[in-house]
Amino acid sequence: MTTTVAPPPATVTPKPKKVRSTGVNKPPNKIGMLIGSIVVVAVFVAPYLIMLFGSLKTQPEITHIPPVYFGHAFVFSNYATMWSSDVDPLSGLIATVVISVFATLLVLVAATPAAYYLARFRFPGRLAFLFLVLITQMLQPTVLAVGLFREFLQLGINDTWFAMILVNGAFNLAFAIWIMQAFFASVPKEVDEAAVLDGASKLQVLFRVSLPLVWPGIVTAIIFVFVSSWNEYAASSVIMTTNSKQPLTVSLPRFFGLYTAEWQYVFGVSIVAIVPVVVLFAFIEKRLIGGLTAGAVK
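Its first residue numbered 1, the sequence shown is counted upward by one per residue in the UniProt record's numbering.
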């Protein structure tokens, strides 16, 4: 009997795996990104540092040549004496807060139902209406300031906070409608339909179902309208003629005299004017980030 011996299986030599090189360029890339980040941060932070240290220096130190970057001592009394100056920045701060807060509330009251209706219902001329709303952003207060002055003068509300609330609300309403309409449209209609089947009315669907789901849009609108109203200057400088009623953006230049300027007070009031905006961001930051990340993880 003949026995057939099978040949041994061929040995396959595994190919050596290619080791991904860590590369010698990676550390330089990280260093470059770090340097670039530091430069960007420095560019944005430097003006605030200049204002902060300038508000704590004396007038001769600010105007000294060559410049004195740090005074001999921090003059904290500048923050006390600037309120008793002829400019009266406290009245300007109060006016700015009142105008900004009520303009923001006015925009939210008007933009919320308008944005919800545009996102949920289809009607003839809807796109044309949205286009017209967008066109209003092209009309800036600088262009219409004189016309608004004459109109408010005829209505008897010129040189009042109410007039500036209307101006800021009108010029920021379009953006609020657009941004909130986009967020309302991102919510599935089935959510509203389910709430209606449970017996909810249209208003209950809007305020109890839809609004909690579009918090990022609401917060974005609040930030934009408040900051825009807080920084508004062109219309206020024309409509508000009484010094005690003018917002801070208009009263601040009065620190500049004919031959000199009280720079320590200019810097101090500027720092104070930044604080409410920073507080607003700190207060609503969690709601904004929480809304943006909601639903990202099951």
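Here a beta-carbon is modelled for each residue, glycine too, at the ideal position from N, C-alpha and C.
Cβ-Cβ separation, P276 to V97 (assumed contact under 8 Å), whole Å:
7 Å
Within its chain, find whatever has a CB closer than 7 Å to the CB of Q181; leave out the 5 residues flanking it on each side and keep chain order.
Spatial neighbours of Q181 in its own chain (CB-CB distance under 7 Å, excluding positions within 5 residues in sequence) are listed in chain order as A115, L118, A119.
Identified DSSP bridge partners for F256
A261
In chain order, what residues of the same chain have a beta carbon less than 7 Å from the beta carbon of I157, not counting five sequence neighbours either side?
A163, listed in sequence order.
Quick check for students: name the residue ranges of the alpha helix (DSSP H) that lie wholly in the stretch 118-180, counting only runs of 4 or more.
126-135, 141-155
If you check the beta carbons only, do Q264 and S84 fall under 7 Å apart?
no
With burial defined as no fewer than 16 other Cβ atoms inside 10 Å of the residue's Cβ, what is the status of A282: buried or exposed?
exposed
Under a three-way DSSP split, which group does G32 fall into?
helix
Quick check on DSSP: helix, strand or coil for S85?
DSSP, reduced to helix, strand and coil, places S85 outside both helices and strands of the structure shown, so it counts as coil.
Please name the residue, chosen from S237, I99, E232, that lies closest to V146 on a Cα-to-Cα basis.
S237
If L148 and I271 are in contact, beta carbons under 8 Å, what's the gap, nearest whole angstrom?
Actually they are not in contact, since the Cβ atoms of L148 and I271 sit about 31 Å apart, beyond 8 Å.
Return the Cβ separation of A176 and A73 in integer angstroms, given the expectation that the two are a contact with Cβ distance under 8 Å.
Not quite, the Cβ-Cβ distance comes to about 47 Å (not below 8 Å), so this is no contact.
Which of helix, strand or coil does DSSP assign to E190?
E190: helix per DSSP, three-state reduction.
Exposed unless 16 or more other CB atoms sit within 10 angstroms - verdict on E262
buried
Among the candidates G32, P216, V225, F184, whose CA atom is the shortest distance from the CA of V167?
V225
Between W178 and A170, what straight-line distance do the alpha-carbon atoms span, to the nearest angstrom?
If I take the Cα positions, the gap works out to 14 Å.
If I measure Cβ to Cβ from V227 and keep anything under 7 Å in the same chain, skipping five residues before and after, which residues do I get?
V277
Look at the alpha carbon of R208 and the alpha carbon of V191, and state the distance between them as a whole number of angstroms.
If you take the alpha carbons of R208 and V191, they lie about 11 Å apart.
Element boundaries [alpha helix (DSSP H), containing E61]
59-63
Hey, A95 and K202: beta-carbon distance below 7 Å or not?
no
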